[in-house]
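Heads up: the structure comes next, in C-alpha cells.
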Amino acid sequence: MGTQGDRIFEVTSERGFPDPWLSFGDSLCDEAAISTELTRAITNARKEPADGPRREVARVFTAKKANLRRCAGILDQVLSDYDESGMWGVLDERAAKLNVQDVLETWGRTQALHPFPVVLRSLEFNWGYMKEHGVRAFYEMTRIYVSRLQENTERWHVAWRGEVSTGVVDRITSIECDLASIEAPMHCDVCKKTITALLYLDE
C-alpha cells in the first residue's frame, strides 16, 4: 500500500500545489482566520461600544465578504475553463483509477494525530463523491458551499447590526456563524489536496 500516494507526494514535493487550487485553498483558510479576527473584534466592541471598535468590526466584515467573493470567482472561472478544455472528463477518468485507501495511507502518516482525523475523513469523502457523481459535480457542490458561507456571513452581519441598534447582545448567532466559518479549511483547503491527487496521478 501507499504506492499511488507515495508517487503523488513525490510529484507534489517537486511541483507544489497548482493554481488555481492553491489560491482557492489559501482563501478558504483565510475565511477561518478572518472569522477568528471578526470574533475578537466583536468581543472588543462589546467591551468598548465606541466608534473605533465598531469601525474595526465593519472593516473585518468587509474583508470577509470580499474574500468569499474571491473564492466564488475562482470556482466560477475553473468551472468555465474546464468546460472549455474538456478537463472534467480527464479528471473523471483519473478519479476512477484512484486507490483512495492507498492515498489515505500516505496522508495518514502525518494527519492522524487526533482520534477523529478530520483531514483524512474529508479527503475520503471528497474522492468518494467524485467517484460516484463526477469531479465537476463535486465542484458544483463546493460552489454551493461557498454561497452558503456567504449567506452565513450576511446572517452574522445582520445579527451584529441588530445588536448595535438594540443593545441586546446576540452571542448565539456569533458562535454559530464563527463555527461554520472556521470549518471551511477542513473542506476547502483539503480540496487542493484532493484535486492534486488527480492532477498528478498519471505523472
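Okay, so the sequence shown: first residue is 1 according to UniProt numbering, each after it adds one. Backbone N, C-alpha and C define an ideal beta-carbon position, used for all residues, glycine too.
DSSP, read as helix, strand or coil, puts Asn99 in coil. For the segment 93-151, the continuous alpha helix (DSSP H) assignments of 4+ residues that do not extend past its boundaries occur at 100-111, 118-133, in sequence order. For Gln4, the number of other beta carbons within 10 angstroms of its own is at least 16, and it is reported as buried.
Bounds of the alpha helix (DSSP H) holding Ala180 are 171-182.
Within the segment 6-89, the complete alpha helix (DSSP H) segments of 4 residues or longer fall at 21-47, 51-85, listed in chain order. 9 angstroms or more divides the Cβ of Cys191 from the Cβ of Gly73.
Check the Cα spacing between Lys193 and each of Leu123, Glu132, Thr36, Arg155: the tightest is with Leu123.
Under the three-state reduction of DSSP output, Glu154 falls in the helix class.
In the DSSP assignment, Val190 falls within the unbroken alpha helix (DSSP H) covering 190-199. When DSSP states are grouped into helix, strand and coil, Gly167 belongs to the coil group.
The C-alpha of Val135 is placed about 8 angstroms away from the C-alpha of Tyr129. Close CB contacts of Phe17 within its chain, under the 8 angstroms cut and outside five residues either way in sequence, are with Gly25, Lys192, Lys193, Thr196 (chain order).
Cβ-Cβ distances below 6 angstroms link Val103 to Gln4, Gly5, Ala197 in the same chain, with the five nearest sequence neighbours on each side left out; the list follows chain order. Taking 8 angstroms as the upper bound for CB-CB distance, Asn126 and Phe116 are not in contact here, some 17 angstroms apart. Contact between Ser181 and Ser35 holds: CB atoms are separated by about 4 angstroms, below the 8 angstroms threshold. Between the alpha carbons of Leu120 and His114 lies a distance of about 11 angstroms.
For the options Thr106, Gly167, Asn67, Val168, the alpha carbon positioned closest to that of Val146 is the one of Asn67. Three or more beta-carbon pairs drawn from the segment 29-48 and the segment 161-180 are found closer than 8 angstroms, and the two stretches are therefore classed as touching. The residues Leu68, in chain order, have a CB closer than 6 angstroms to that of Gln150 in the same chain once the five nearest residues on each side in sequence are set aside.
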